[in-house]
Amino acid sequence: MNCWLLKSLKFEVFIMNQSQNPNLPNSGEINIIVRIGFYITRKSRKFMNALKTPPKMLYFVAVTAGTLVIYIFLALILYFNVVNLCNRWGNNIKYYSQIKILSYGFLTEQKEPLKTQQLYNIDRYLKRTTKIKNQTQKQRIKDQVYTIRYRATTNLRMARDLYCYMIIFTTLLFGSTIVSGLCAYSMTKKGWDDTNDTIKGIFITSLAVSLFSTSTCSVYQLEKNSRTKMQTYQAYVNLEEYIFSCLAVEDLLDDQTKPEKGNQKNVYPNNLISRINQVLETYPLQVDLDSTSIPRLSTVLESVDINSKKN
241 MNCWLLKSLK
251 FEVFIMNQSQ
261 NPNLPNSGEI
271 NIIVRIGFYI
281 TRKSRKFMNA
291 LKTPPKMLYF
301 VAVTAGTLVI
311 YIFLALILYF
321 NVVNLCNRWG
331 NNIKYYSQIK
341 ILSYGFLTEQ
351 KEPLKTQQLY
361 NIDRYLKRTT
371 KIKNQTQKQR
381 IKDQVYTIRY
391 RATTNLRMAR
401 DLYCYMIIFT
411 TLLFGSTIVS
421 GLCAYSMTKK
431 GWDDTNDTIK
441 GIFITSLAVS
451 LFSTSTCSVY
461 QLEKNSRTKM
471 QTYQAYVNLE
481 EYIFSCLAVE
491 DLLDDQTKPE
501 KGNQKNVYPN
511 NLISRINQVL
521 ETYPLQVDLD
531 STSIPRLSTV
541 LESVDINSKK
551 N
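If you read the sequence shown in this note's numbering, its first letter stands for residue 241, the second for the next number, and so on.
Here is the structure:
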């Protein structure tokens with residue numbers, strides 16, 4: 241290798257001397273040849289310097305990258321399986337058709353927007369009710385139903401996505417913990433220096449995947465947020481059913497407020513609208529985070545001791 245570099249340096253010096261030779265014609269072709277020679281020698285030296293990287297380090301990087309690719313491939317397989325499972329479970333869930341994912345993982349859009357689907361129900365109920373005759377109040381109730389349906393769909397989508405992520409990261413955490421534990425057990429017998437580079441690469445990658453999965457589940461609180469969003473979705477669906485029931489059975493709504501004289505006709509719609517607003521304010525759209533659950537580097541280093549050898 242050193243001999244090849246020496247020859248390339250001699251070739252560069254030769255080109256420089258020839259470019260300064262007064263006997264040669266000062267043409268553009270000579271300058272182009274000189275520039276090409278300089279470019280080839282520079283690139284050749286950079287390539288040979290890159291080859292000076294120890295093969296052991298290259299092998300270690302290859303093992304680490306290969307292990308990471310395997311984990312990513314397993315995560316994709318888990319994603320498609322969990323999505324198909326959610327699609328089977330959600331066939332009979334209200335509004336799930338709005339967020340249904342096909343087996344190849346892309347969102348499907350409905351031809352009819354959510355605002356126009358099954359809205360004949362609310363119009364039919366409002367036409368038949370006798371206690372709500374003000375068009376402004378009817379429009380307000382329709383707007384509230386639109387808001388409920390949009391919020392229910394959003395919470396259902398968030399609950400499904402968080403559930404899918406929880407299954408994926410929990411499974412990765414389980415698998416990577418087992419693999420890193422087996423590698424750590426092997427390294428405690430031989431020590432870090434005497435351990436095979438393959439085991440080192442698999443151990444480091446598995447430990448990183450395990451820490452990443454744990455941090456993701458803890459920081460984003462996937463289990464708690466998924467359960468909370470599903471409960472919020474159910475609350476919105478129950479509220480929508482309650483509105484239809486109140487419009488169908490007008491005596492269902494308890495009238496706790498005594499109407500003032502001459503205001504009897506506005507008590508029922510006003511109370512209904514007010515109760516809907518109270519429920520909408522009770523369930524805000526938010527996701528809980530816990531940044532204190534991120535594992536510290538000092539804690540990780542203290543928990544991993546692979547330098548000790550067994551006698």
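The beta carbon of each residue, even a glycine, is placed where N, CA and C say it ideally should be. Here the structure is a predicted model, which is why all the values come from computation and not from measurement.
Between the CA atoms of residue j and residue i - distance to the nearest angstrom
i, j, result
"Lys464", "Met406", "10 Å"
"Phe300", "Ser426", "17 Å"
"Leu447", "Leu412", "11 Å"
"Val477", "Val489", "18 Å"
"Asp528", "Ala399", "13 Å"
"Lys373", "Leu318", "54 Å"
"Gly184", "Arg380", "Shown here, the chain extends from 241 to 551; a query on residue 184 therefore has no answer."
"Ile339", "Arg368", "32 Å"
"Lys334", "Gln474", "10 Å"
"Asn327", "Thr454", "26 Å"
"Thr445", "Ser416", "9 Å"
"Arg364", "Tyr460", "43 Å"
"Ser466", "Leu451", "21 Å"
"Leu342", "Tyr390", "The predicted model places Leu342 with a pLDDT of 42, which falls under 50 and marks its position as unreliable, so this point remains unresolved."
"Thr472", "Lys440", "46 Å"
"Asn511", "Asn517", "10 Å"
"Asp434", "Met470", "51 Å"
"Ile513", "Ile483", "10 Å"
"Glu481", "Leu366", "14 Å"
"Gly431", "Ile312", "29 Å"
"Gly421", "Ser458", "21 Å"
"Asp383", "Leu487", "15 Å"
"Trp329", "Leu316", "20 Å"
"Asp530", "Arg397", "22 Å"
"Lys378", "Arg515", "15 Å"
"Asn395", "Leu325", "19 Å"
"Thr387", "Lys371", "23 Å"
"Tyr403", "Ile310", "23 Å"
"Asn361", "Gln375", "17 Å"
"Leu314", "Phe414", "13 Å"
"Leu520", "Leu308", "45 Å"
"Asn436", "Thr428", "12 Å"
"Met297", "Thr456", "30 Å"
"Ser337", "Thr438", "47 Å"
"Asn332", "Val449", "36 Å"
Delimiting residues of the alpha helix (DSSP H) encompassing residue i
i, result
"Asp530", "Looking at the DSSP string, Asp530 is not in any alpha helix (DSSP H), and its letter there is neither H nor E."
"Thr435", "No alpha helix (DSSP H) holds Thr435; DSSP gives it neither H nor E."
"Ile339", "Looking at the DSSP string, Ile339 is not in any alpha helix (DSSP H), and its letter there is neither H nor E."
"Asn361", "Tyr360 to Arg368"
Where residue i falls: helix, strand or coil (DSSP)
i, result
"Thr329", "Correcting the residue type first, residue 329 is Trp in the shown sequence and not Thr. It is helical."
"Thr522", "helix"
"Tyr390", "helix"
"Gln379", "helix"
"Val489", "coil"
"Lys373", "coil"
"Tyr460", "coil"
"Gly421", "helix"
"Gly431", "coil"
Residue burial classification, residue i (beta-carbon count within 10 angstroms, cutoff 16)
i, result
"Phe409", "buried"
"Gln526", "exposed"
"Pro509", "buried"
"Val385", "buried"
"Val303", "buried"
"Val323", "buried"
"Leu479", "buried"
"Ile418", "exposed"
"Phe320", "exposed"
"Phe443", "buried"
"Thr522", "exposed"
Chain C within 8 Å of residue i, Cβ atoms only
i, result
"Asn332", "Given the protein chain composition of this structure (a single chain), no chain C is represented."
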